[in-house]
Structure formats: C-alpha cells, structure tokens
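Just below is one structure, and these are the notes that go with it.
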Amino acid sequence: MGEFRMPSLGADMEAGTLLLWKVQPGDRVKRGDIIAEVATDKGDIEIEVFEDGVVEQILVEPGSKVPVGTPLAVIRSDGEQVSVPAESAGPAAPQRALSEMGPPTELQPPPRPAADRRPRISPAARKLASDLGVDIDTVRGTGPGGAVQRADVERAAETKGALREVSERATDRTGMRRSIAAAMARSNREIPHYYLATSIDLSATLSWLETENEKRSIKERLLPAILMVKAVAKALGAVPELNGYWSEDRHQPQESIHIGFAVSLREGGLIAPAIHHADRKSLDELMEAMRGLIERTRAGRLRSSEMTDATITVTNLGDLGVEAVYGVINPPQLALVGFGKITDRPWAENGAVGVRPVVTATLAADHRATDGRQGAQFLEALKRHLQEPASL
Amino acid sequence: MKPVSSRGTRLPVGREHALHLLRTMLLIRRFEEKSAELYSAMKIRGFLHLYIGEEAVAVGVTEALEPQDAVVATYREHGHALARGIAAGPIMAEMYGKQEGCSRGRGGSMHIFDAKTRFYGGNAIVGGGLPLAVGLALAEKMRGTNAVACCFFGEGAVAEGEFHESMNLAQLWNLPVLFACENNLYAMGTALALSETVTDMTRKAAGYDVRAEAVDGMDVLAVEAAAKKAVAMVRAGNGPFLLELRTYRFRAHSMFDPELYRKKEEVEEWKKRDPIVTFAGRLEDEELLDDKGLQGIETSVGAEVTEAVAFAEAGTWEPSDQLERFVYSDRRE
Amino acid sequence: MEVTYREAMREAIREALQKDDRVFLMGEDVGRYGGCFAVSKGLLEEFGPERIRDTPLSEAAFVGAGIGAALGGMRPIVEIMTVNFSLLALDQIVNNAATYLHMSGGQFHVPLVIRMATGGGKQLAAQHSHSLEGWYAHIPGIKIVTPATIEDARGMLATALADPDPVLIFENSTLYNRKGQLAPEAGAVDIERARVHRAGRDVSLLTYGASLFKSLDAAAALAEEGIEAEVIDLRTLRPLDDETFIGSVTRTHRAVIVDEGWRSGSISAEISARLMEKAFYELDGPVERICSAEVPMPYASHLEQAALPNVERIVSTVRNVVRTHG
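For the protein sequence lines, the chains are U, H and G, in the order given. The first sequence begins at 1 in my numbering and counts up one residue at a time. The second sequence begins at 393 in my numbering and counts up one residue at a time. The third sequence begins at 726 in my numbering and counts up one residue at a time.
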C-alpha cells in the first residue's frame, strides 16, 4: 500500500493545487505514468506515479490546494491483498467491516486523512517563513500545542543567518518571481559560492559540428549548446563531487547525472528542468530531449521528475550576447555551469596570434562540498571534452 | 361624534377653488389608476398602496396648510404628496426606482420625501410617524415660528403605543400638531370594530384632552372647512387637534390582496359616495361645471399623468457604485 | 483639575446648551430629579424647563420627538435612562433615525444625539444590566460612541452634536463616579479614531467602555510578568476604526478583545472577523475574546462578577495567548 503524495517539485514549493486526475479508483498504473496534473507557482505540471499498482482511493479532489507531502491518492501495490472490501467506499467502511466481516487481522485502517497531519502553523509564521525562505516543515513549534509561531521562524532564520536578508526578498508579486526569489535568496544566503572561469577555443568543435549537421535534416541539426551539455555530463564523470546535492547539512554526490537546463519563459522567469542521464545519451538523443523539454516547459507541461531531479544546472546566456555567466547555484545542487556567447577573439597559440571562436565557461560551486582544485579539474575536463567533439 | 358634512348647504367656496379641488382629486385618482396599471406591467414594484376613494381627505386637509408647515404621511401617501404640490413626474420616477425620483429611487412608493414642500415621508411603520410630527412641532414651537406639523395616519395606528404617547406629549407640551386620522375602517384586513373597543377616534383624543372633530371624509368641502378651523386653532397656540376623517378605500389594501375581509356590496355602497363623482355632480348641480368642463379637466389631468410616466420612463438608474451613499451625511457643520 | 466622569459629562451638556440655542436636553427625570445618574443635576435651574425637558415615560414618543425636532432644525440631546429602556424606542431609532437620510435620497438628515447608560456590575439584575452598544453598532445610519475616559466624557458630546447624523452615546454606569484629571481647556474630541492607551509589543487588548480600565489593570499586572500588552480604546463602535486596531495587531501579532456585551453576534465577533479579513497573515495565534457570560445578568453579586469580564480573566487569557512552550 502506498500513498501518492503531493510531490515537492522544488525546494521552494510549499503547496500545489490538484488540477485533474487522469485516473480513477480501480485503474491500473505503472511507474512513470502521468496520473494527475498539479498547478504550482511555476506553472501546471504533470505528476507521475513511482510505483506499479492499482489506484485504491482518491483522497484529494481537483481544485484543492494542499501542502507538499499531502497524500493525494492511495495506490495498492501489485501483489498486495485487497485491503478494503470492494463494495465499501470511504473511510467509514473498515469499522463496519470489523463487526460484519472476517477477522480483523485482514483489515488495515484507511490512510489518515490529510487534515490530521496538517501542522499547526500560525498565519503570521507561515508568511514570515515564506518571506525569509525558511522551510516551514523544518521549524520546531514551541507555541500552544506545538504550533509554529513567528518566534520559532525567527529563531530558525537566525540560525541560518537569514534575518538580515529580509530586505532582499523579491518585490515582484508573481508566484514564479517569489519562488525564484526565495530559492535564490536562500542560495545566496546558505551557499558559499566560489567561481572559476576558463576560455575555450571552439574552432575544431564548430567545424566538426558543421560537418555533422550536413548529414542531418534542418530539424535534427545539433546546436552548440548540446555539445556543452554533453561535455558537462562527461566532465562530471571525471569530477563526480560536483554532481549532486548539499542536503541535511552534508554533501550527497549522486551517481546519476541529470543536467538541469535553464529555460527562460516568455512571460518572464525561468525553469531548469532535468535532462535525465545526460551522460548516457547520444548527441542526437540529447538534442531531441532538449527540444521536448523546452517545448513542454513553455507549455507548462513538465513532468514532476523533470522538475526535481536535476543534479547540476547548465545555463547558457550566449544567445543574449553575454560573455560570461557567474550564476547562483540552484539549491540543493552543488554547482552551476555557465556558458557565454561564442565570439571571435584574438587567440595566441604556439607563439602566434590568430582569431578563433571562443566561449567562456564558468563554474559556480558550493565551497562546502568542493574546493577550487576540484572545480579547476572539472573545467579542465570540460574544455577537453568540448574540444574533442567526436568523443562526445 | 357625528361627522361634519357640507351636504345640503350652498357651496361655501368660489368656482375656481372648487374646480381646483376637483382637479387635484382627479389627478390623484388618475395617477393611481396608472400606477396600478404600471405595477401590473412590473414597471413599479415593492408594495403599492392605493388611496383611491380617500382623495377628499388629502386634498381637503392639505388645502388648510401653509408652505411653512411640515407634513408627515403614511405609506399610502401618493395622494398627500400630489396634493402637497410635489410634481407627478418625480413621484412616478420614485416608484420606478429612478434617480430622478423625489427620493432618488431609495424610497419607492412608500417613502416619498420632498424637502422643498417639507414633506417628511412616506412612513411604513404604522404609528411611527406620529412622534416625528410631535418633534417637528416641538422644533417650531421652540424656534418661535407659527408653523404647524400635520400628521396623517390611519385608524389602525391608534392601536399602537406611539399614538397614545404622541397624543399625550403633544397636549402636555401644547405643541402645534394636527393629527389627521384617516379612518377607512380597515387596518389592512382587520375591521376597526375587531381591533378597538372604542371606535370613535374623537373619544380617544378626549382621553388626552386633545380637541377633536369627526368629518365626512368623502366630502372635500367638509374636510377642507374642518381642517382650516383646526389648523387655525393649532396655529394660534392652542395645542394639538385631532381630525377624524371618515372615509373608505375602494381598492384593496395593496396590489396583492384578494379582499376576503369585506363584502363587495359594502364596497359598492361606499362607491356611491365617491368623493370625486359626488363633488363633480354637486358642481354640475350648481351649474359651475358641465360635461365639457369636466372633459377639459380629465384631458389636462390625463396629460399630466402621461407626462409623469414619460418622465419616469426617461429617468436613469443610479450607478450601483453609489449604493452606499446617504447612509451618513457627506457634509459636516 | 480633578473631576468625575459625571461632572465631565454635565459640563459638556452645559457648554452645549450655552453655545447653541438649538440644543436642548429631554428625557425622563432629567430636570427636577436631576437625572437618574445625576448627570443633569442643576441644569434645570440654570437653563429652565424649555431646554431641560422632563418627559413622560414614553420612550418611543420622546425619542421620535427628538428625531422630529432634529429634522425641524433643533439639536436635541435625548437622554434615555438606561439602554434597556431604549428598546421601547427601537422603532424610532432603527426605523427612523437610521433611515431618514437614505430613504429621502439625502434630503433629510437627523442631527440627533441620544445618550444612555449601559453596562452591568451594580447588582441591577437582568433588565438593567445590558450592554447593547455592540448590538446597536449593527445598524448603518447611526454612529455609536462609548466614552470611557474623563476626556471623552467631556469631549465627545460636542462632536456628536456637530455631526449631521444621529449619534448614540453609551455611558457605562460604573464610570460616573470615576475620577480623573481634566485639563481646564479640555473640549471637543474626535469620535472617529480608536486610541492606543498603553503601548506594548506582545499582544493587543482591544476594548471600550468600562472594560478599558480592567484591561489597563490587566496590562499592568502582565507587565510584571514581562508581557507587554498594548491597550486600545476603540471609543467608537460604529464606524469602527479598523486602521488603528489592525495597525496594533500588525505590531503585536496577537489580539484579545474585551467586550462587556454577550459573545454571540457581538462587536467582538465583528472585530475578530475584521482581523481575519484584513490581518490574517499578521496573526500568530487565534484571536481570543473575553465577553460577558451568555446569561441574563443575575442579581447575586458573586454571580454577576462571574458573568462580567474581569482583570483576572484578562490576565490569564493573555498569558495563554502569549505563552510559548519553549
């Protein structure tokens, strides 16, 4: 028996509004199926289920806004006994069943309604936590009945040295802006960033790309950005410490390499959905994945895992003419790689100056997890991979 | 007390004044008939209480008043408003609910107000207007004017404590109030004899030492004469006066009333004493009016009513964002 | 200058009578008896029976006459002995005083002042101990003021008389003997704003009338425990000065309302609702209310005291609201 819960689609997501169910009780679902849509501050998102089974019970009706973690539905795993008599409905049934049906050992209580679990948090505390970027679920309440009050949030924020940052909170009122503001303020507050940069001569790479693209239809052509993503993924193989999370006060490198690719939205704001297992995908697969991702991001139809799984972020502001990007890490990730515009620059090599297409790659990394030395190794590996496109 | 009547005597007023009285009564009659029609057509809503049959009372009493006098009326007050000189157009527009109405559409049929003629409503709580009239009279007395306050109320109101309190206070303080009790025999559907032990209003007044007289309310000349006498006494500082105006309402209490409480024969019997028909007949008998003259009055009154309806139709709705106006005054002293 | 609340009120009436010929006082026993709470004692001798009018026991008639006189250009002060008797004039207050301006489309305003004693605490039992000011505050078209301090007893009447609309002044009868300092030049005060009587950071005590002093006593006791209560005298129950009490709660994040009226459908319920509507995200805990027990007021002293808000209840309620279980 599993509970399908309102997923946390980002460190800054507190709640979501269930928009619609794509399944109903009795439907068979398998891992990866999209079974619901949820509206968040960042847009509407398709939510996938992470286990195989049968939908036993829908707990939250469309239109309800519930906090992250609230059970939305009960999924009975394959092989699990039917726990509630088929003809009964609703949470009252098991009690009736106790007296009327077989031995009680066969029965399990229904899931507790979400309301029971709702923490006691005062409205003022909730607002302050949101303003300060404090994760309210981590705050210990000291008010009546364990309620979280303003003072508790202030204490939690002080611990993180957050209070002085209040004035930095976003003034833009839109939810997206607020979410970004909260995440970025938290990042800036919590993560000791260090920055490294390197310039990479792309002459060979670009001519390789030109040749490659001649073999492809216009639609399938590879963009330089794809090479960069793939190169980042490869370079992470060499410096795995940069791939993963800083969470619960410790460094948690991840094996899988899911690259968050920053996509700016037409209406403002940005999302960095994940390209899963970027290191294992071919360039063409990556290109296709990225196209789909950008399309779905802008249509507001991202999958939940795409929203949460990124282990590092790549941002490319080259198309906007920027030379170099010194980014802010998207918590709880460990690093962010930025690429600027590929420009023709004077380039000295072997004692002669020529003009070469050059890109500046930067690394913003969490100093709690890695040091400059590892960062430098990463940039070196990145340069190597990017200059050997055939290896990508 | 036997009601005073002018019947059997020679006409005590001149022709011009007599025709004015007739025209005003006819204006009220035609205006209200039109109102009933417009109510059925759903142009007018809420409660609509018609005065038809009682016109001689409002016209006769109002004739006795001066412009500086204050008038307090009931929810059956179209007749009083018209007799007092409020233009038919703004009254009709008020019933339409238009902002050109005399109460800007905030009052409707039951709450006609007009500051220019000192017309203080339009009171829909039976008996509620009497203390107000006492207060208006108190103000006149304290300010040393010679204005009086005239309060119209039905015989149903005498069952209310406010009637008794007001009679007592007005007499106690010697205030210039004319209490005009329109006794049409029914408080909605309850006959006077079913609700009062003493059905002679003048005897009730006697209980407070208030001077009183009963008048035939279907006889406009008798009403006018009695009212003039009463107002003169009041204005002279002799305290209040109660006029009992014995009359009858020909129409139902309001538009939605099947009249289960009285017999058709009784209504028909009273209609023979129609104040307009009998007065017009009397003027014809005395050769002060002929068919052509009556037709001329009808035409003129009809035009005035048509014009009032046109005014109401052309009126505008106050924007809803003005809803909360007139709860407190905009101005301060 | 030390004066009683009663003397301050009398001085206010005297000044109004002196300044404006249109002003007169009318009510039961306001003249020869001197007022049932002796507020108007001596005024008959000074101003004569035309302006200090003893009325029959006819609340509907003399309140209605007050409305009529106001419509007729006078500035009457109508005294109703106690709020319970005002119910006999409810028709005049609610159906006439409150509606005339509106029904007439703005043509007729009613510059009337009605004063009445309110409140319990003197063992006068169920028919003489009501606090219905919050109930009257339900009615649009009238204004409800509740002078608690000597300054307000002295200053609210003049402002009420200058107001073009009907103003009801509720004088808590336990305050008449209360003494306080009054500046010799004291005069008219506004009847629009609530007043912060004591500043504090931990909780806002929102109150009016006689409960103001209970709340101030409670705040003093709480201060000794390190709890700083802000005490707000609402002063006017209609229209409510939202800005002031919401501003206070925005600073303290906690509100306790002390209201001598019954809890259900009370002014405290209205204030609580407005806090939810306008300051929900400022609240660090539920709004608490201390009201009179929901019984007709009993006669026996210990029962009456148990029914009314008192200092101990305010202190313990505030303590619970502010307390944290660190």
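Don't be surprised by glycine CBs; every beta carbon is placed ideally from N, CA and C.
Stretch pair the segment 921-931 of chain G + the segment 880-894 of chain G: three plus CB contacts closer than 8 Å: no
Contact list for the segment 814-839 of chain G against chain H, Cβ threshold 7 Å: 816, 817, 820, 821, 826, 827, 828, 829, 830, 831, 832, 833 and 834
Closest by C-alpha distance to residue 470 (chain H), when choosing among H:617, H:563 and H:416: H:416
Per DSSP, cross-strand counterpart(s) of residue 359 (chain U): U:200
Residue 250 (chain U) versus residue 182 (chain U) - alpha carbon distance: 21 Å
Spatial neighbours of residue 233 (chain U) in its chain, beta-carbon cut-off 7 Å, leaving aside the 5 residues before and after: 257, 259, 278 and 279
Residue 733 (chain G) (DSSP reduced to helix, strand or coil): helix
When G:823, G:870, G:1005 and G:841 are compared against residue 965 (chain G), the one with the closest alpha-carbon: G:870
Closest Cα partner of residue 985 (chain G) within the set G:776, G:971, G:855 and G:752: G:855
Among H:430, H:649 and H:597, the one whose alpha carbon lies nearest that of residue 561 (chain H): H:597
Amino acids of chain U, ordered along the chain, whose beta-carbon sits closer than 8 Å to that of residue 1027 (chain G): In chain order: nothing, as chain U lies at least about 30 Å away.
Buried or exposed by the 16-neighbour rule on C-beta atoms within 10 Å, applied to residue 1027 (chain G): exposed
Which residues DSSP lists as bridging residue 25 (chain U), in chain order: BP columns for residue 25 (chain U) are empty, so no partner.
Closest Cα partner of residue 655 (chain H) within the set H:666, H:642 and H:530: H:642
CB contact below 8 Å: residue 797 (chain G) versus chain H: yes
Simplified DSSP state of residue 870 (chain G), which is helix, strand or coil: strand
Cut-off 8 Å between Cβ atoms - residues of its own chain near residue 682 (chain H), not counting five sequence neighbours on either side: 676
Helix, strand or coil at residue 863 (chain G) [DSSP, three-state]: coil
Length at least 3, wholly inside the segment 928-975 of chain G: the beta strand (DSSP E) runs in chain order: 928-932, 954-958 and 961-963
Backbone CA spacing between residue 387 (chain U) and residue 31 (chain U) [nearest angstrom]: 39 Å
Close beta carbons around residue 738 (chain G), own chain, < 8 Å, minus the five adjacent residues each side: 750, 764, 765, 768, 802 and 882
Nearest-angstrom Cα separation, counted from residue 51 (chain U) out to residue 83 (chain U): Summary for residue 83 (chain U): the model assigns pLDDT 45, below 50, so the residue's position carries little reliability, and this model does not support an answer.
Own chain, CB closer than 7 Å to residue 25 (chain U), minus 5 neighbours either side, in chain order: 55, 56, 57 and 58
Three-state secondary structure (DSSP) of residue 111 (chain U): Annotation note: pLDDT 43 at residue 111 (chain U) (below 50); position unreliable, coordinate value reported separately. Note: residue 111 (chain U) maps to coil in three-state DSSP.
CA-to-CA distance, residue 144 (chain U) to residue 123 (chain U), given in whole angstroms: 14 Å
Interface flag, residue 717 (chain H) vs chain G, CB-CB below 8 Å: yes
Secondary structure of residue 498 (chain H), DSSP reduced to three states: coil
C-alpha distance - residue 844 (chain G) paired with residue 1042 (chain G), whole-angstrom precision: 22 Å
Under 8 Å (Cβ pairs) to chain U, residues found in the segment 751-762 of chain G: none
Chain U contact for residue 1009 (chain G) (CB, 8 Å cutoff): yes
Beta-carbon proximity of residue 863 (chain G) to residue 807 (chain G), cut-off 8 Å: no
Residue 574 (chain H) - partner residues in DSSP beta bridges: H:546 and H:637
Coarse secondary structure for residue 189 (chain U), derived from DSSP in three states: helix
Contacts of residue 127 (chain U) in chain G (Cβ-Cβ under 7 Å): 1006
Minimum C-alpha distance to residue 308 (chain U) - residue among U:22, U:198 and U:13: U:13
Own chain residues within Cβ distance below 8 Å of residue 305 (chain U), not counting five before or after: 48, 274 and 276
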